[in-house]
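**Q**
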Amino acid sequence: MNFFNNIYSHQAEISAGNGISNAWSIARLYSLLIGDVDHGKYKQILNEHIMKLATKSNTPDGELDLFSQMHAPFGMGFMLFDKTCPKLGPGSFGHLGTGGSVGLATPFYNLSFAYVMNRMKGTISGANNRFEPMLTKIVDILNK
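Read in order, the letters of the sequence shown correspond to residues 1 to 144 in full-length UniProt numbering.
1) As an exercise, report each continuous beta strand (DSSP E) stretch of at least 3 residues that is fully enclosed by the UniProt domain "Beta-lactamase-related" (15-122), in chain order.
2) What is the rounded straight-line gap between the Cα of F4 and the Cα of N143?
3) Here's a check: name, in chain order, each residue in its chain whose Cβ is nearer than 8 Å to the Cβ of S31, leaving out the five neighbours to either side.
4) Residues in its own chain within less than 6 Å of residue 145 by CB, not counting five upstream and five downstream?
5) Below 7 Å CB to CB, which residues in the same chain sit around A72 once its five sequence neighbours on both sides are set aside?
6) Answer with buried or exposed for S101, where buried requires no fewer than 16 other C-beta atoms within 10 angstroms of its C-beta.
7) Rounded to whole angstroms, what's the CA-CA distance from D140 to I50? Just pull it up for me.
8) Taking the alpha-carbon of E132 as reference, which of W24, L88 and M120 has the nearest alpha-carbon?
9) With 16 other CB atoms within 10 Å as the buried threshold, where does M134 fall?
10) Which of the three DSSP states, helix, strand or coil, is assigned to E13?
11) Below 6 Å CB to CB, which residues in the same chain sit around I45 once its five sequence neighbours on both sides are set aside?
12) What is the rounded straight-line gap between the Cα of M117 and the Cα of E63?
13) For G94 versus F108, is the C-beta distance shorter than 8 Å?
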């Protein structure tokens, strides 16, 4: 993980390997996938038809993702959290990032969420322990 913690890695162009951002921006992007933002000032960026295609499972039931070592179904571009994190509600989608980051949206709660870290350590497998307590608390509050 030290490779991703240096300035040279941040400046490199590594496809699907160094999407460096902050949690606010990632959550904002996911917000724009499920609806308009700021009272309609910013419009949803994908229409409903495209979102249905992007969030329809293309993964055989029970298939293990070899990278994350999780049984996580994938749509066209997104991990689908319906089965792996049912507390997020139906239609939840997003993606885990290396080191424990995550970006996701849950249309059921009209909620987007992102977690990133300043320094990476560890691996993607088992990374849920970084953001899962925060998400659990948020969902608990929404369900009150």
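Using N, Cα and C, we set each Cβ at its ideal position, and we do this for glycine too.
Given the structure is predicted, the values throughout are model-derived calculations rather than measurements.
**A** Taking the definition as stated:
1) 93-96, 102-106 and 111-115
2) As a working note, residue 4 is residue 4 in the sequence shown. As a working note, residue 143 is residue 143 in the sequence shown. Cα to Cα, the separation comes out at about 37 Å.
3) For this step, residue 31 is matched to residue 31 along the sequence shown. The beta carbon of S31 lies closer than 8 Å to those of V37, A105 and S112 in the same chain, with the five residues before and after it left out.
4) Nothing about residue 145 can be reported from this structure: the residues present for the chain run from 1 to 144 only.
5) Mapped onto the sequence shown, residue 72 falls at position 72. These residues qualify, in order along the chain: D65, M79 and T84.
6) The residue given as residue 101 occupies position 101 in the sequence shown. When all chains shown are included, S101 counts as buried.
7) As a first step, residue 140 must be located in the sequence shown, where it is residue number 140. As a first step, residue 50 must be located in the sequence shown, where it is residue number 50. So the alpha carbons of these two residues sit roughly 30 Å apart.
8) Within the sequence shown, the letter at position 132 stands for residue 132. Checking every option, the nearest Cα to that of E132 belongs to L88.
9) Against the sequence shown, residue 134 aligns to sequence position 134. The residue is exposed, with fewer than 16 neighbouring Cβ atoms inside 10 Å.
10) Mapped onto the sequence shown, residue 13 falls at position 13. E13: coil per DSSP, three-state reduction.
11) Here residue 45 corresponds to residue number 45 of the sequence shown, with the count starting at 1. Once the five neighbours on either side are set aside, the close Cβ partners of I45 are L32.
12) Position 117 of the sequence shown, counting from 1, holds the residue named residue 117. Position 63 of the sequence shown, counting from 1, holds the residue named residue 63. For M117 and E63, the distance between alpha carbons rounds to 29 Å.
13) As a working note, residue 94 is residue 94 in the sequence shown. As a working note, residue 108 is residue 108 in the sequence shown. Contact: no.
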